[in-house]
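Have a look at the structure below, then the notes.
Residue numbers (the working numbering): 1 to 340.
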């Protein structure tokens, strides 16, 4: 798709600095690669680094982890607390049908997953239909989420965790090693204790996943109150529907249980960097609180903000304007199938 669109790809390049001609305007990025240190110039930039590296190096304001606008902070949660890093891994030769048979008579090992909220029968019916589903299984150490896949016998498992900072190379290194060891232990425990996994094997072990680091300050800071009350925004660029996946869960959520078919708006202003005039945000570094990021940092919501930021950047570059023509952007997003 990128080739068909005429995109010039540049891989194996690490962002190390930015170029600016004035305080609020970025003229280029500096990358380090096998060819040496190089500069890439541009009119408008989208920061999809996850950690907000481009925006932070440009001088944009940011905070890390829990901030003063989080409900938890008002209840005494330490500022700067970040979601744990983790890892998802895949196993092959798994007999999920046999696993379900076992869990039916061992319900004490079945857990309701906080994010999926699937009961046993609902998960089993989805599995039998061939739909995506997840079950939470206890017994072989801390509970694991098990996701089916379109490939017979292949499952994804989540999530052994490691407490540390995704902005620290020491923590990232120690986390990689610790999680690799834990995954191997969990694989052996599953083989020994969970029917359906007796002959399973590890397929792949990707690098550590970072849930949260910098929150870049944009023109609007999206809060958990906005999300849980489904606040409507005139500058919405899409909708999300992932339940809050942070800790601790604020009391506000218990007071406002999620209704069926619940969703929330993501405002364009949360993609626009407040301090830099030509940088947009996409993915988990958008302008929101620690608690709100538990709803926006996951895959589908990143697709929503990525589509909006990419479309806005292309339109602005073509028209030679700053990224603020929200009405025209919304029309284009709807035309391309976005749900506003």
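Even glycine gets a Cβ: it sits at the ideal position worked out from N, Cα and C.
These numbers come from a predicted model, not from an experiment.
Contact between residue 287 and residue 222 holds: CB atoms are separated by about 7 Å, below the 8 Å threshold. By the C-beta density criterion, residue 301 is buried, having at least 16 other C-beta atoms within 10 angstroms. Ranked by Cα distance from residue 150, the options 90, 73 and 335 are led by 90. About 16 Å separates the CB atoms of residue 326 and residue 239; that is not less than 8 Å, and the two are not in contact. Residue pairing by DSSP leaves residue 43 without any beta bridge partner. Between the segment 49-68 and the segment 6-22 there are three or more C-beta pairs closer than 8 Å, enough to call the two in contact.
If you check the CB distance, residue 207 and residue 72 do not come in under 8 Å. In this structure, 173 is the residue among 242, 173, 235 and 310 with its C-alpha nearest to the C-alpha of residue 86. For residue 92, the enclosing beta strand (DSSP E) starts and ends at 89-92.
In the structure shown, residue 177 adopts helical secondary structure according to DSSP, grouped into three states. Uninterrupted beta strand (DSSP E) stretches at least 3 residues long and entirely within the segment 273-323 occur at 279-281, given in chain order. The beta-bridge partner set that DSSP reports for residue 266 consists of 238. When only Cα atoms are considered, residue 133 and residue 35 end up about 44 Å apart.
Taking the Cα of residue 77 as reference, the smallest distance to any Cα among 336, 312, 248 and 254 is reached at 248. A direct Cα-to-Cα measurement between residue 322 and residue 283 gives close to 21 Å.
In this structure, residue 271 and residue 313 do not form a Cβ contact; the two beta carbons are roughly 10 Å apart against a cut-off of 8 Å.
In the displayed model, residue 110 falls within a strand according to three-state DSSP. Sorting 276, 333, 298 and 299 by C-alpha distance to the C-alpha of residue 315 places 333 at the top.
Below 8 Å, too few C-beta pairs join the segment 184-204 and the segment 27-46 to call them touching: fewer than three.
Bounds of the alpha helix (DSSP H) holding residue 327 are 326-335. Membership of residue 227 in any beta strand (DSSP E) is not indicated; the residue belongs instead to the alpha helix (DSSP H) covering 224-228. The DSSP-derived three-state label of residue 25 is strand.
For residue 214, the uninterrupted beta strand (DSSP E) segment begins and ends at 214-216. The residue from 38, 285, 202 and 42 with its alpha-carbon nearest to that of residue 167 is 285.
Residue 99 holds the alpha-carbon nearest to the alpha-carbon of residue 138 among 99, 32 and 336. The beta carbon of residue 60 sits closer than 6 Å to those of 216, 273, 275 and 276, all from its chain and outside the five residues before and after it, given in chain order.
Membership of residue 100 in any beta strand (DSSP E) is not indicated; the residue belongs instead to the alpha helix (DSSP H) covering 96-104.
Note on residue 299: under 16 other CB atoms within 10 angstroms of its CB, so exposed under the neighbour-count rule. Under a 10 Å Cβ-count criterion, residue 177 is classified as exposed, with fewer than 16 other Cβ atoms of the shown protein chains found around its own Cβ.
Contact annotation, residue 268 with residue 227: C-beta distance approximately 16 Å; criterion of less than 8 Å not satisfied. Taking the C-beta atoms as reference points, residue 6 is found no nearer than 8 Å to residue 95. In this structure, the beta-carbon distance from residue 264 to residue 230 falls below 8 Å.
The shortest CA-to-CA distance from residue 63 to any of 218, 243 and 320 is the one to 218. Counting of Cβ neighbours within 10 angstroms places residue 318 among the exposed residues, the total staying below 16. In this structure, residue 93 lies near residue 201, with their beta-carbon atoms less than 8 Å apart. Here the alpha carbons of residue 336 and residue 182 stand approximately 43 Å from one another.
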